[in-house]
Structures are given as C-alpha cells and as structure tokens.
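Protein chains in written order, with the numbering used here: chain A, 1 to 467; chain B, 468 to 827.
Just so it is clear, CB atoms sit at the ideal spot from N, CA and C, and this is done for glycine as well.
What follows is the structure in structure tokens.
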C-alpha cells in the first residue's frame, strides 16, 4: 500500500474544502434564489397599484376586489358598492337587533300575559249595584212580546234610585191621569173606541191646557227641558218620574210617558227612533200613520225627520230609524237605557255586557245596544292595553299588541263592532246639529203642517168609525 | 220594371236591417245573461256598450270609445301620481283613486303633452238640451257623452263606473226617481254619495227631501241602495229594453217582457223593471187583441188570456205603489236637480270636503 506523501494529503484536504465550499455555495445560491422568487408577482402587483394610484389617487384604499377590472372601475360604481356593503352591514345589525328586541318583547309579553287581567274590574262589590242586578232579573223575566211599559220603566228608574220609590204611588198617578183622559174624551164627545181619538187626546194632554171644570181639574202642557237634555250631569233627567214631578222632560222621557199612558187608556202607539231622538208613531182607524213630536207638541211629516240630514239610506234599509218599534225592540231599547244608567252610576263592567247581550238578542240591529257594545269593548281593550304599558291611542305603540294574541283578539272585536255600526248606516249627529234641527220645528212651514193635521184630527175624532 | 225591382230591393233590404237589428238586441241580451250566469264574465263596460251598439245598428265606434277611455285613464293615473289627499285611513289608496276620478270628470285640468305644449282639459258637462232622450235616445249613452262631452244623469255615472272599474276600484250605482248617482264607501265616513250632474257630494237628505221618494221605497231598496254587480246588470237589461222600445215603437212586448223578468230576478224592487214589466204585458194584450181584430181596451174581458194578463197588471200596479213608487214629473225632476246647486250649503256632505284639500 503506497503511503501518501505530505503534499498528497494537503491536496486532498484542499479538494475537500473546495467541494464543501462548492456545496455550500451552491446551496447558498439556491436558497438565495428561493427567497428571490416572490419578487416577480410583487412586481406585477405593484404595477397595478401604481396604475390605479395614478389614475385615482383618492381611491387607493378601495376594496381589493380583482373582479373590478372586469366590472369597470368608475368612481361612482366603486362608491356605490362601498355604500351597499355598509348598508348591508348596518341592516344585518339592525335585523339582529330587532330579532333580539322581538325576543325580549315576546319574553316580556309572556311574562306579562300571566299578570294581565283580561276582564274589566267589577263594580259588584259596591252595595248599590244589587238594585241593578235585582231589576235585571225582573226585566229578564218579562215576556218580550207582551209586557207593561209602565212596570218596566218603573223597574229601571227605581234601580237607579236604589229602590227608594214606591210602585203603588207611581201606578196610582198613572191611573189618575188615565181617568182624567177618559173623562175628558167623554166630555169632548170623542169616540172612545177610536185609536185616533185616544191618541189625539194624549197629544192634547202633552201639548195643551186641559180642564175638567166640573171637578176643578186642570193640566198644563209639558215643557221641553233644554237644560242637560242628554242627562250628562244627572242621568235621572231622562226619567219619567222626573217629568211627572217637574212637568219638564226631553225626547226620552216624554215619549216614554206617552207609551205608559197609551197603555193605560188602551191606545195603540209606537216608539220610533231618529238620530239622537225618539218620537211617537200611531195610526188612525184607516191605517194612515202619523208622527207625534212631543218635545214641541207638534205633528211632524216624514220629510221633516229625514231633513235632519243625519239619516243615511242604509239606516232606513236596516230599519234602525223611523220604524215603529215592536214590543221586542222596545224591550231591547229599555234594556239599553237600563245599561246606560248603570254605566252612568258606576261604570262599565261585565254586568253591563250581560245586559247589552240580552238587548242585542232581542234586537240585533238596535243602534243603542250596538253603540253601548262598542263603548264597552273599547273601554275593555284600553284597560287591557294599558296594563301592558301600551297607549292604545298611539298608533306606534299599538303595534306592540301583536305579542299578546288575546289583546289582538280584543282589538278585532272592537273593530268588527265598529264596522257593524257603519254597516247599519249610523252616522254621528253632533249635539249642535241636533238642537238646530229640533229648533227648525218652529219654522213656519212645520207649524203649518202641524196645524193642518191637527185641524183634520179635530174633525175626524168626532166622526164615528165606519165599519 | 227596373223601378219596381229597385223598390222591391229597397223593401227587402229594409226588412233585412230590421231583422238583423233584432238580432243585435238578442245578442246583447245574451251577453248580459251570460254575465249573470257566470260572474267571471261580468264587465260593466261591455254590458253598457253592447246595449248602445244594439241601439245603433251595430255601428258603435269602439276604436274611438276605447281611445277616449284610455285618454281619461291616463289623466286619472297622472293625477293620482301628482297629488295626495289629506286622508290617512287604511284605504287611502282607493280613496285617492276615487278623488282623481271625480276630479277628471268634474274639473278643468291644465296638462302638458309629450312636446311640453300646454293644453286645457275640459271636463264633461250636464246636457240640458235633451236630458230625457226625447229627441234622440242616444242622449242617454256613454258613447254620445264621449263624442260630445255632454251627458246626463244616466251617461255620466255610467262613465264614472266604467272608469272606476278600469282603474281597479269599485263604484256602486244607486237609483233615485229618474236618476242615477254613485255610492262609495270609505273607512272614515262610511257610505257617501257622488253626484256627477252637479259635481258635488250630496247628503242623503237631498234625495229624501225631493218629495218623490216614499220612505218605504228607501226601506225596501227601490231607491238609494248601493247596487251590486247582478243588480247593475239588471239595470242594463232595462236600458236594453228601453233602447228596444225606442227603436221599435210598435213592438209586441215579448222582448221587453223577457228583459224585465230577468232584471226583476236580479233586483225584485227595481222600479223601472216593474214599470217595464207592466208596459210589456199591456203590449201583449194589445197585440193579442189586434190579431183577433178586437178593440183595446174594451174587449179585454172577452178572452181568458187577456183577462189573466190584465189581472196581473192590476196586481202589479198596486204592488208597485205599495213598494213606495211615485211618479216624478219631468219639470220637478229638473227643479230638484238644480236645487242641489242652489242649496249647496244645505245638502252638500261637508265631511267629504277633505277631497278638495290636497297636499302637493
């Protein structure tokens, strides 16, 4: 084995170093190359930036959407897109917020609905309501097709007066007047069987001074009471008992007394309604119909009533005005008055609803009962809404009832009752218009019409009925 | 010889015209009947123009009519876009349409065309020349109104209703003695009247106080009732019968009877149908007696057929009176119509005045 000389050894070492250096060097150059590689794309990107920047220096920060190149890169579109995105984001947030709010509201509603009282508080704990409940029991017991207006009226008024009046006294007074009328008819030579004569007598009793000299009896005409004629301050102003004690009444009590007296002397007469008003209708023995206006003691024509201007043809088609009321309808009307008295004395509660329902059962088209029902439902709805801190008169807040299904149901009831009243053709008549209309009775024409009829009657009542 | 041939030709051709026109009336009757059988076929416009076409020998200029209607439609839509009412109930879109329609039929409107030239649109007017169609039955027609710009209480509300249906809102015809007007209903005021002959909104008392409307006639819906589609077609059927009567003054009553019977099926208390029905039966008696060479009315009692018809007539007259029908003389009608303008204050519906307060 040849031995390596010193020079050979040192050459080999050098070779090794070179090899290593080469190896390292190559390696290094390779690694260096890898680092350099990304610069190429950087350069192109920079170019793009540069171009855009030069053209639109203000929009350098625009959305880095490479598709922009294809979609056109005009200013406005860019801004629009930007705005859209912002809007979307805001909307998204808003949606989220409302969803959360809805959830919260729902939770609150669920929590509250267990605490909300869905019926009006009862006034039953007030001692004097018992008179009303007693009276209602008795009114309920009446035969709707054949009952005494006198008794029903007494029951209604006495409930208001807490049963402090005496029926015997009331009845005695009515009989007394009846006797007076019968005697007067005889004295005047009227046919006692004629319905016209009886009604004409009644008319005179209300509007004329009547005397029976032999007995020294005298009756003065009733007067119209302008003061509080709607009974707003004092409900008892509407009553027959008030009319009998003061000889002053209004369009509620006067016709009511007429009916009571007609019942007493066996005359046929009917109550009839007009806007804010009631009057008497009767027929003669040949089936001609007449209207008696007791507030002014006159006979009126149909045209006069129609001219009030607040009677729609739908109201006539639904027979809510100007029709003679049947016995059933009259009881329905009396019940509505009865309920009104209760609301004036106490307020609205479930008892009122009970009476209204009975009244509507007797006459579904009764305008008084329908109006009362709409009041009742409205008050109930408002009472319930307020418990949930919703102001029912504020449309915005009203939207919140959607979280309370029961409340929505109540509001639907209110609305359908309102549209029922619209369907009936009812139109609100302002008190001022009503007063003007009533006063127009004093026009020459109306006076003349009334006088003409009265003269006719004066002749007719003395003729015996031909059969 | 030639002369006689020519006369013969004329005679035959006149016969032809008479015959084909009878057909046109039958066709119109068929159209109306179809609308009653199948409510999807209902179109007031079609009903009205089929009657007018039958009367005018099938020569109705439908191109002109449609052109005019489109023009009005455009005006209404334009007006609808340019203004807004002070009305804030849920049904405000519909009420706005009613208001635009009313304005277009009643007010003078300045307009600009495509070339920006100014025009003045002049609304339709009431025709006092021949309001009852005595001189020419065409006076009653919508086609005449569109042609001349003048109409009466028949054609004006009809046009209103046709336009209303075109813009997709309802408008109900309502009847008064010798008169037709429009009834609308909105959330705020309930039912209210639109009177096109004088362009105001009268309250019901205006009609009630005319003195010729018996209360019973209102109660049973003879007058002042918002008519539904079927009742409206009933009214068109009587229009057809009246047009027929005017075209064939010596008719035998059969066609008129057919129309009135069908009209009464839809609208039993329709006053004009009741009257036409009576008139048709009278004609039938006359025709029957003429065939027998007998005299009208002296020989009515001689034949069981005529006796029965006469008994029917008598009953119907009594019944019509009971329903509340009273004849209103023509002069009275005009006085009454004018009273609306003279006593505007008394009879106009003040609630509907919101229509005039618009916001721009």
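Please state whether DSSP places residue 531 of chain B in a helix, a strand or coil.
-> As a working mapping, residue 531 of chain B is identified with position 64 in the second chain. The answer is helix: DSSP assigns residue 531 of chain B an H, G or I state.
Using 8 Å as the Cβ pair cut-off and three pairs as the minimum, do the segment 694-714 of chain B and the segment 657-672 of chain B touch?
-> By the C-beta criterion, the segment 694-714 of chain B is judged not to be in contact with the segment 657-672 of chain B, since fewer than 3 inter-stretch pairs fall below 8 Å.
Spell out whether any CB of chain A is found under 7 Å from the CB atom of residue 670 of chain B.
-> Here residue 670 of chain B is taken as the residue at index 203 of the second chain, counted from 1. So, interface residue.
Determine contact between the segment 115-127 of chain A and the segment 297-309 of chain A, defined as no fewer than three beta-carbon pairs at a distance below 8 Å.
-> no
Where residue 784 of chain B meets chain E, residues with beta-carbon distance less than 7 Å = This model lacks chain E altogether, as its protein chains are A and B.
Could you check the C-alpha separation between residue 767 of chain B and residue 795 of chain B for me, to the nearest Å?
-> Walking along the second chain from the start, residue 767 of chain B turns up at place 300. Walking along the second chain from the start, residue 795 of chain B turns up at place 328. So the alpha carbons of these two residues sit roughly 29 Å apart.
What does residue 604 of chain B touch in chain A if you count any residue whose Cβ is under 7 Å from its own?
-> Counted from its first residue, the second chain places residue 604 of chain B at position 137. The premise fails here: residue 604 of chain B is roughly 30 Å from chain A at the closest Cβ pair, so nothing lies under 7 Å.
What residues from the segment 290-306 of chain A come within 8 Å of chain B, judged by C-beta to C-beta, listed N to C?
-> Within the segment 290-306 of chain A, the qualifying residues are 302, 303 and 306.
So, is residue 471 of chain A buried or exposed, given that buried needs 16 or more other C-beta atoms within 10 angstroms?
-> Here chain A has residues from 1 to 467 only, and residue 471 of chain A is not among them.
The alpha helix (DSSP H) spanning residue 778 of chain B covers which residue range?
-> Here residue 778 of chain B corresponds to residue number 311 of the second chain, with the count starting at 1. Segment 771-789, the alpha helix (DSSP H) holding residue 778 of chain B.
So, helix, strand or coil for residue 270 of chain A, using DSSP?
-> On the first chain, residue 270 of chain A is found 270 positions in, with the first residue counted as 1. DSSP places residue 270 of chain A in strand when its eight states are reduced to three.
In the segment 489-558 of chain B, which residue ranges form an unbroken alpha helix (DSSP H) of at least 4 residues, counting only runs that do not cross its ends?
-> 511-522 and 529-549
Exposure label - residue 133 of chain A; buried when at least 16 CB within 10 Å | Reading the first chain from its first residue, position 133 is the one you call residue 133 of chain A. Counting Cβ neighbours within 10 Å, residue 133 of chain A comes out exposed, since fewer than 16 surround it.
Does any CB atom of chain B fall closer than 7 Å to the CB of residue 313 of chain A?
-> For the purposes of this step, residue 313 of chain A is identified with residue 313 of the first chain, where counting begins at 1. It does; some Cβ of chain B falls within 7 Å.
Thinking C-alpha only, which one of A:315, A:95 and A:155 is nearest residue 427 of chain A?
-> Numbered from 1 along the first chain, position 427 holds the residue referred to as residue 427 of chain A. Out of A:315, A:95 and A:155, A:315 has the C-alpha closest to the C-alpha of residue 427 of chain A.
For the ligand FMN, any of its heavy atoms closer than 6 Å to the Cβ of residue 269 of chain A?
-> The ligand FMN is absent from the structure shown, which contains no ligands of any kind.
Endpoints, beta strand (DSSP E) assigned at residue 652 of chain B | Counted from its first residue, the second chain places residue 652 of chain B at position 185. Its beta strand (DSSP E) spans residues 646-653.
When we look at the beta-carbon of residue 28 of chain A and count the other beta-carbons within 10 Å, is it buried (16 or more) or exposed?
-> For the purposes of this step, residue 28 of chain A is taken as the residue at position 28 of the first chain. Residue confidence is low: residue 28 of chain A scores 43 on pLDDT, short of 50, so the model does not pin down where it sits. No coordinate-derived value is stated.
Relative to the C-alpha of residue 780 of chain B, which residue among B:690, B:755 and B:747 is closest?
-> Stepping through the second chain from its first residue, residue 780 of chain B is reached at position 313. Of the candidates B:690, B:755 and B:747, B:747 places its Cα closest to the Cα of residue 780 of chain B.
Distance, Cα to Cα, residue 56 of chain A vs residue 92 of chain A?
-> In the first chain, the residue the question calls residue 56 of chain A occupies position 56. In the first chain, the residue the question calls residue 92 of chain A occupies position 92. Confidence at residue 56 of chain A is low in this model, with a pLDDT of 44, below 50, so the placement of that residue should be treated as unreliable; the coordinate-derived value is given next. The straight-line gap from Cα to Cα measures roughly 31 Å.
Inter-residue Cα distance where the pair is residue 630 of chain B and residue 776 of chain B = The residue given as residue 630 of chain B occupies position 163 in the second chain. The residue given as residue 776 of chain B occupies position 309 in the second chain. Those two C-alpha atoms are separated by around 42 Å.
Give the range of the alpha helix (DSSP H) segment to which residue 367 of chain A is assigned.
-> What you label residue 367 of chain A is simply residue 367 of the first chain in a count that begins at 1. It spans 367-387 - the alpha helix (DSSP H) in which residue 367 of chain A sits, taken as one unbroken run.
Compute the Euclidean distance between the alpha carbons of residue 224 of chain A and residue 295 of chain A, then round it to the nearest angstrom.
-> Numbered from 1 along the first chain, position 224 holds the residue referred to as residue 224 of chain A. Numbered from 1 along the first chain, position 295 holds the residue referred to as residue 295 of chain A. Roughly 5 Å between the two C-alpha positions.
Fully enclosed by the segment 222-290 of chain A, which alpha helix (DSSP H) runs are 4 residues long or longer?
-> 240-246 and 253-265
8 Å contact criterion, which residue 267 of chain A and residue 198 of chain A should meet: CB distance rounded | As a position in the first chain, residue 267 of chain A is number 267, starting the count at 1. As a position in the first chain, residue 198 of chain A is number 198, starting the count at 1. Contact check for residue 267 of chain A and residue 198 of chain A: beta-carbon distance about 4 Å, within the 8 Å limit, so the pair qualifies.
Put residue 49 of chain A into one of helix, strand or coil per three-state DSSP.
-> Position 49 of the first chain holds residue 49 of chain A. With a pLDDT of 43 at residue 49 of chain A, under the threshold of 50, the modelled position of that residue is not reliable, and no figure is offered here.
What residues in its chain sit with their C-beta under 6 Å from that of residue 573 of chain B, if we drop five residues either side in the sequence?
-> Position 106 of the second chain holds residue 573 of chain B. The residues are 590 and 666.
Of the residues that make up the segment 681-714 of chain B, which ones have a beta carbon closer than 9 Å to any beta carbon in chain A?
-> 681, 682, 685, 686, 687, 688, 690, 691, 692 and 693
What residue ranges within the segment 632-706 of chain B form continuous alpha helix (DSSP H) runs of no fewer than 4 residues, ordered along the chain?
-> Within the segment 632-706 of chain B, the complete alpha helix (DSSP H) runs of at least 4 residues are 671-675 and 682-686.
Output the distance between the C-alpha atoms of residue 564 of chain B and residue 570 of chain B, rounded to the nearest integer angstrom.
-> Taking the first residue of the second chain as position 1, residue 564 of chain B is located at position 97. Taking the first residue of the second chain as position 1, residue 570 of chain B is located at position 103. Residue 564 of chain B and residue 570 of chain B have their C-alpha atoms spaced approximately 10 Å apart.
Would residue 341 of chain A count as contacting chain B if we go by Cβ distances under 7 Å?
-> Here residue 341 of chain A is taken as the residue at index 341 of the first chain, counted from 1. Taking 7 Å as the CB threshold, residue 341 of chain A stays off the interface with chain B.
Where residue 692 of chain B and residue 651 of chain B are concerned, what is the direct C-alpha to C-alpha distance, given to the nearest angstrom?
-> Within the second chain, the letter at position 225 stands for residue 692 of chain B. Within the second chain, the letter at position 184 stands for residue 651 of chain B. If I take the Cα positions, the gap works out to 11 Å.
For the 8 Å Cβ check, are there 3 or more pairs between the segment 396-405 of chain A and the segment 231-248 of chain A?
-> no
Counting only the same chain and skipping the five closest in sequence on each side, list residues whose C-beta sits under 7 Å from that of residue 148 of chain A.
-> Your numbering for residue 148 of chain A matches position 148 in the first chain. Result list for residue 148 of chain A: 263, in chain order.
Contacts that residue 284 of chain A makes with chain B (C-beta to C-beta distance below 9 Å) | Within the first chain, numbered from 1, the residue matching residue 284 of chain A stands at position 284. Those do not exist, as residue 284 of chain A stays about 18 Å from chain B at its closest Cβ, beyond 9 Å.
If you drop the 5 nearest sequence neighbours on each side, which residues of the same chain put their C-beta closer than 7 Å to that of residue 328 of chain A?
-> As a position in the first chain, residue 328 of chain A is number 328, starting the count at 1. So the qualifying residues of the chain are 144, 145, 362 and 363.
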